[in-house]
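Participant:
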Amino acid sequence: MTAAMLDATAQRFRLSDLVELAESASHTLESLRAKMLEPHPRKRAPTFTGAQLAALCGIDPSQIRYLAGRGDLPAGTHEGAGKRRYFTLADTRAWIAKLSSIPPRPPGARAATIAVVNFKGGSTKTTAAFNLAQGLTLRGRKVLLVDLDPQGSATTLTGMLPAAEVLEEHTVGPITYPPLESAPKDLSYAIQPTYWDGLDIIPAAPALYNAEILLPMHSRDSKIKWWDILNAAIDPHRDQYDVIVFDTAPALSYLTVNAVIASDGLVMPIPPENLDFASSVAFWNLLSETLTALKENKRYDKDFAFMRVLLSKVPGKSAAASIVKDWIIRTYGRYALPVEIPRSEVTSVGALQFGSVYDIDRYDGAAKTYAKVRDAFDKFVEMIDQSIMSSIWHIGERKAERREVAPSHA
Ligand SMILES: Nc1ncnc2c1ncn2[C@@H]1O[C@H](COP(=O)(O)OP(=O)(O)O)[C@@H](O)[C@H]1O
Ligand SMILES: [Mg+2]
3 MTAAMLDATA QRFRLSDLVE LAESASHTLE SLRAKMLEPH PRKRAPTFTG
53 AQLAALCGID PSQIRYLAGR GDLPAGTHEG AGKRRYFTLA DTRAWIAKLS
103 SIPPRPPGAR AATIAVVNFK GGSTKTTAAF NLAQGLTLRG RKVLLVDLDP
153 QGSATTLTGM LPAAEVLEEH TVGPITYPPL ESAPKDLSYA IQPTYWDGLD
203 IIPAAPALYN AEILLPMHSR DSKIKWWDIL NAAIDPHRDQ YDVIVFDTAP
253 ALSYLTVNAV IASDGLVMPI PPENLDFASS VAFWNLLSET LTALKENKRY
303 DKDFAFMRVL LSKVPGKSAA ASIVKDWIIR TYGRYALPVE IPRSEVTSVG
353 ALQFGSVYDI DRYDGAAKTY AKVRDAFDKF VEMIDQSIMS SIWHIGERKA
403 ERREVAPSHA
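In terms of the numbering used here, the sequence shown is residues 3 to 412.
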């Protein structure tokens, strides 16, 4: 096709063209999704080998056979006689619950709530939120992921198609419907299980944009605490989960302010690029203005248990990136986590398949690269979990003792 032809056909973009394009693009996405999720219509969690299971439980692999034969733990399945043993995610989580030395949420302690924030799209908020949620389930936590971005990327990662499958009444939207007296008082109506054992989701869809119209309306009524609507609705669920993760839109929108206020801790991923760094600074400025204004009006005062900055999508060799990385570390000092997520195809490929590093059970090809990225996410998850245990659940430094020790059968 010549440039002249392209100009002539692409000049007008009528509403009917728009409608047609939207329909055909949705159709393409639908078949792409079906293809990527083949042969199962839905996403499937990976299976775990004995060695992976042992690592997650913190036990010696040689104990697996004995423990699997004891009868009080799922025994897993063999692919053939004398072949390796495999465990489903649910089996694996049952083992973790019984054997891991990671302290559980203490009796009476409530779910830790965490918002993943940054102004800029593409700063890996959704990737960080989703991997954090999945990674925490592999540490024995029960997690609720709340998608607050109308674009619904986190929802997509659970195998759902936001535009096609998620209606406004499946999202947090209804808690903002006027009159608030008759709006839902909790979010039970919106919680859905996912393909991933231990991970529930409240999905998002484009219709969630309505909340950004309704919340400003409420904000004009001085009797309404518009910033506390999500916090109030999530409260009943703080006994049901160990951790609640909010994935937010790339804006300090009314919903994002609600998420921040409902959160005990904040996580901000920042790729080492000028624009991402600048957005992070703009975010803190606007947030501090917003929270200071609320405080000065004697309406609200907010402290956070922790705030952590995660360097993400860090390229291997780039002079420009290491300069920005230095700014980030210098600016955020003690808030910057001592781990960085490398920029890697593994993450991108995962995203293409609507997946994450935790979705991949056997990564053929670049096993070393995969291990490096996976290891970085594991460290990130562990550090956030440690912040939860120390700053929110106040679990002392007591030495984690094994709950159970099995004789070794080498
Ligand atoms: N470590 C990484 N290396 C390479 N690409 C990444 C990495 N982490 C995320 N990405 C990709 O960057 C893009 C933006 O990430 P996303 O999590 O959707 O950002 P946000 O939610 O802030 O908009 C996605 O295509 C994602 O797959
Ligand atoms: Mg996102």
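Where a beta carbon is used, it is the ideal one built from N, C-alpha and C, also for glycine.
Quantities reported herein were computed from a predicted structural model and do not represent experimental measurements.
#1: Can the beta-carbon of Asp249 be found less than 9 Å from the beta-carbon of Phe132?
#2: Where DSSP assigns a beta bridge to Tyr88, which residues make up the other side?
#3: Is Ala135 near ligand 2 - that is, is its Cβ less than 8 Å away from at least one heavy atom of it?
#4: Quick one: which unbroken beta strand (DSSP E) runs of 3-plus residues sit fully inside the stretch 275-358? Chain order, please.
#5: Looking only at its chain, what residues have a beta carbon closer than 7 Å to the beta carbon of Arg46, apart from the 5 residues adjacent to it on each side?
#6: Our contact map puts Gln136 next to Ser392 with C-beta atoms below 8 Å; I'd like the distance itself, whole angstroms only.
#7: Can you give me the C-alpha to C-alpha distance between Arg87 and Gly200, rounded to a whole angstrom?
#8: With distances taken from CA atoms, which of Phe285, Ile272, Ala378 is nearest Trp329?
#9: Are there 16 or more other CB atoms within 10 angstroms of the CB of Glu406, so buried, or fewer, so exposed?
#10: Which residues in the same chain as Gln13 place their Cβ atom closer than 8 Å to its Cβ, once the five residues preceding and following it in sequence are excluded?
#11: For the beta strand (DSSP E) containing Ala207, name the first residue and the last one.
#12: Please determine if the stretch 275-292 and the stretch 300-308 are in contact, where contact requires at least 3 C-beta pairs separated by less than 8 Å.
#13: Going along the chain, which residues put their C-beta within less than 7 Å of some heavy atom in ligand 2?
#14: Is the stretch 99-112 in contact with the stretch 161-178, if contact means three or more CB pairs nearer than 8 Å?
#15: Grab the span of the beta strand (DSSP E) containing Pro218 for me, first residue to last.
#16: Between the stretch 227-244 and the stretch 252-271, do three or more beta carbon pairs fall short of 8 Å?
#17: Consider the C-beta atom of Ile343 and the heavy atoms of ligand 1; say whether any pair is separated by less than 8 Å.
#18: Helix or strand or just coil, what does DSSP make of Gln194?
#19: Taking 8 Å as the cut-off, does the CB of Pro208 come closer than this to any heavy atom belonging to ligand 1?
#20: Please identify the residue among Tyr372, Arg310, Leu159 whose C-alpha is closest to the C-alpha of Met385.
#21: Tell me where the alpha helix (DSSP H) around Asp380 begins and ends.
#22: What's the call for Val21, buried or exposed, on a 16-neighbour Cβ count within 10 Å?
#23: How is the beta strand (DSSP E) around Ala114 delimited, first residue to last?
#24: Have a look at Ala338, Lys327, Ser221, Ile177 and flag the residue whose alpha-carbon is nearest the alpha-carbon of Ile204.
Facilitator: Let me spell this out:
#1: Contact: yes.
#2: Looking at the DSSP assignment, Tyr88 forms a beta bridge with Thr51, Thr79.
#3: No, the beta carbon of Ala135 sits no closer than 8 Å to any heavy atom of ligand 2.
#4: Runs of the beta strand (DSSP E) inside the stretch 275-358: 308-316, 338-344.
#5: So the list reads Tyr197, once near-sequence residues are dropped.
#6: With a beta-carbon spacing of about 22 Å, Gln136 and Ser392 fall beyond the 8 Å limit used to define contacts.
#7: When rounded, the separation of the alpha-carbon atoms in Arg87 and Gly200 is 22 Å.
#8: Closest in C-alpha terms to Trp329, from the list Phe285, Ile272, Ala378, comes Ile272.
#9: Bear in mind that a pLDDT of 46 at Glu406, under 50, signals an unreliable position, so the model cannot answer this.
#10: Hits under 8 Å: none found.
#11: From DSSP, Ala207 is part of no beta strand (DSSP E); its letter is neither H nor E.
#12: Cβ pair count under 8 Å is below three, so no.
#13: Per the Cβ criterion, the list is Gly123, Lys127, Thr128, Asp151, Gln153, Ser155, Ala156, Asp249, Pro252.
#14: Touching, no, given that fewer than three Cβ pairs across the two stretches are closer than 8 Å.
#15: In this chain, Pro218 is not harboured by any beta strand (DSSP E); it is covered by the alpha helix (DSSP H) spanning 213-221.
#16: Because the criterion of three Cβ pairs below 8 Å is met, the stretch 227-244 and the stretch 252-271 touch.
#17: The answer is yes for Ile343.
#18: The three-state reading of DSSP puts Gln194 in strand, counting E and B together.
#19: No, Cβ of Pro208 sits at least 8 Å from all heavy atoms of ligand 1.
#20: With distances taken between Cα atoms, Met385 lies closest to Arg310.
#21: Its alpha helix (DSSP H) spans residues 369-389.
#22: So Val21 counts as exposed.
#23: Counting along the chain, the beta strand (DSSP E) containing Ala114 begins and ends at 114-118.
#24: Nearest C-alpha to Ile204: Ile177.
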